[in-house]
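Residue numbers (my numbering), protein chains in the order written: chain A, 690 to 1025; chain B, 6 to 227. Ideal Cβ positions, reconstructed from N, Cα and C, are used throughout, including at glycine. Only one structure is covered here, and it is reproduced in the block below.
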């Protein structure tokens, strides 16, 4: 089996030749290749090259075009601060207090901000890997994009003070994300992963997720599937236990679970959904190979009978992680 | 005598109502209720100690690590701040406060929601909070600590790349003779680590856990 076949078999609860391992290597690919992180974030060609070099070194089963959480908001007018060797941050949010929702328009993915660079990276990866390795694009979840357009506090207060206006903004975000996701599929992504950190129960109550976010995620995933995504992958970090029960209805095929979620709970809540996780991300920086190997083996044993499991970290593997720790996680799947 | 008793009872009911508005995050009703109490002769200090502080105690009891609800805290915090602004419109908060706490998100980290929540809870509990803001260089943090004499510094961190900076805070404080100041860390990235690794005195699981630690340290200092 090649990597893509291995992942597809696992998502469908069929027996793969071995458990797939997907290291959530984003900025670490730049560090590994000796490229300044800020350059990596802005240049699709460099991004693709670094991802291919990291893939070649570690031998895991997927590559990513995830850079930071500001792609969509930048395309919509947020001003971004690029700092040497750091992730980009928002200097000025796209929407001011008196924004007019009716004046907002969905950006052209071929022109707006760094969107074309992401599409370029996907095309290069597709050309290099074809259908051998899973190519993962990325869009934000609608709530996360909304918080990135207004600022977290303003967006959440808006949800309470003016729910109708807030929902309109969520719907607009949804349109942006669907268009960007479909452009990524056309450019070569097998899956646009949906990153939705603001929808974590660490931020909003699960009822909020159920009412505001779940229906919109469902719409996004339906659109991706209809247009060629091989699976729907949802990534919500933090203590997601209370929102996991909604994942099946949303149409999630791969559910990321963070280190603070009990694997048994995730398994019993989502018996028919492929899970990926959940080694503590900071362990790749602070711990050693033996620790990572041991955590990996523990997870592989827990999921050995069930299947439907991709070995991974709970969230992004920090850029400054020790390469030998990532290698140890990958190696553990070769022994089982 | 009986009139006083009835009056006190009425005020207690109004204070209870204010606490409910604050817990619900109903800032407009909370402000109206606080104004009414103040007009009826309840002092600003009484409103703070009997309603604002009590709100934070009740919210803290609800928000265990397992049931942490950031949105609920934000809404209650916003209502508390609205009442504080109503009581002290010129921004000069009561002089008689508890000790000083300095809060910051270090250079490279622009996520300040966690820090803001901690600040709101501490202020509502009567602490004097000096906010170094987000993206704060260590030198500014140390200078602020020298000027403001806090007994605890709270550092919030959402991203792992600030860990090397967090590790340096203790040394930077000690080099200025500020060994007595406790350093507390919290936030998604920092709470994955150990206090020994970060070279801090405590790692808070949540804003309220951090407040409990600060309260504990205050009692030890007394």
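In chain B, what lies closer than 7 Å to residue i by C-beta?
i: residue 898(A); result: Within chain B, no residue comes near residue 898(A); the closest Cβ sits about 11 Å away, beyond 7 Å.
i: residue 775(A); result: 113 and 166
i: residue 778(A); result: 115
Terminal residues of the continuous alpha helix (DSSP H) containing residue i?
i: residue 743(A); result: 733-747
i: residue 855(A); result: 852-876
i: residue 218(B); result: 212-226
i: residue 126(B); result: 118-129
i: residue 164(B); result: From DSSP, residue 164(B) is part of no alpha helix (DSSP H); its letter is neither H nor E.
i: residue 1017(A); result: 1012-1024
i: residue 702(A); result: Unbroken run through residue 702(A): none, as it is neither H nor E.
i: residue 835(A); result: 831-839
i: residue 54(B); result: Counting along the chain, residue 54(B) falls outside any alpha helix (DSSP H), and DSSP gives it neither H nor E.
i: residue 980(A); result: 978-992
By the criterion of Cβ-Cβ separation under 7 Å, what are the contact partners of residue i in chain A?
i: residue 118(B); result: 841 and 842
i: residue 162(B); result: Result: empty, since nearest Cβ-Cβ is about 11 Å, beyond 7 Å.
Pop quiz: residue i and residue j are said to be a contact at Cβ under 8 Å. What is the actual Cβ separation, rounded to whole angstroms?
i: residue 913(A); j: residue 870(A); result: 5 Å
i: residue 157(B); j: residue 187(B); result: 5 Å
i: residue 892(A); j: residue 76(B); result: 7 Å
i: residue 280(B); j: residue 110(B); result: Because residue 280(B) is not part of the residues shown, which for chain B are 6 to 227, the question remains open.
i: residue 832(A); j: residue 887(A); result: 5 Å
i: residue 809(A); j: residue 856(A); result: The Cβ separation is near 34 Å, so there is no contact.
i: residue 948(A); j: residue 968(A); result: 7 Å
i: residue 890(A); j: residue 826(A); result: Not quite, the Cβ-Cβ distance comes to about 26 Å (not below 8 Å), so this is no contact.
i: residue 210(B); j: residue 130(B); result: With a Cβ gap of about 18 Å, residue 210(B) and residue 130(B) do not count as contacting.
i: residue 978(A); j: residue 1017(A); result: 4 Å
i: residue 834(A); j: residue 812(A); result: Not quite, the Cβ-Cβ distance comes to about 24 Å (not below 8 Å), so this is no contact.
Per DSSP, which one or two residues make a beta bridge with residue i?
i: residue 1002(A); result: 968(A)
i: residue 881(A); result: 826(A)
i: residue 157(B); result: 106(B) and 187(B)
i: residue 753(A); result: 825(A)
i: residue 111(B); result: 141(B)
i: residue 78(B); result: Paired residues: none, contrary to the question.
i: residue 711(A); result: 1001(A)
Just to confirm the assignment, what range does the beta strand (DSSP E) spanning residue i have?
i: residue 798(A); result: Per DSSP, residue 798(A) belongs to no beta strand (DSSP E) and is neither H nor E.
i: residue 780(A); result: 778-781
i: residue 769(A); result: 768-770
i: residue 790(A); result: That residue, residue 790(A), is in no beta strand (DSSP E); it is neither H nor E in DSSP.
i: residue 133(B); result: 133-136
i: residue 209(B); result: 207-209
Starting from the beta carbon of residue i, find every residue of chain B whose beta carbon is closer than 9 Å, and list them in chain order.
i: residue 893(A); result: 74, 75 and 76
i: residue 846(A); result: 79, 80 and 83
Could you work out which residues of chain B lie near residue i, taking near to mean beta carbons separated by less than 8 Å?
i: residue 970(A); result: 165 and 197
So which residues on chain A does residue i lean against when the C-beta distance must stay under 8 Å?
i: residue 202(B); result: 975
What residues of chain A sit near residue i, judged by a beta carbon separation below 9 Å?
i: residue 311(B); result: Chain B is shown from 6 up to 227; residue 311(B) falls before or after that span and cannot be answered.
i: residue 194(B); result: 970, 971 and 1007
At a CB-CB cut-off below 9 Å, which residues of chain C make contact with residue i?
i: residue 1008(A); result: Looking for chain C here will not work: the only protein chains present are A and B.
Does at least one heavy atom of the ligand FMN sit under 7 Å from the Cβ of residue i?
i: residue 917(A); result: With respect to the ligand FMN, the structure shown offers nothing to examine, as it has no ligands at all.
(request) Only counting runs of 3 or more residues, tell me where the beta strand (DSSP E) segments fall wholly within the stretch 902-971 of chain A, in order along the chain. (result) Entirely contained in the stretch 902-971 of chain A, the beta strand (DSSP E) runs reaching 3 residues are, in chain order, 922-924, 943-946 and 963-968.
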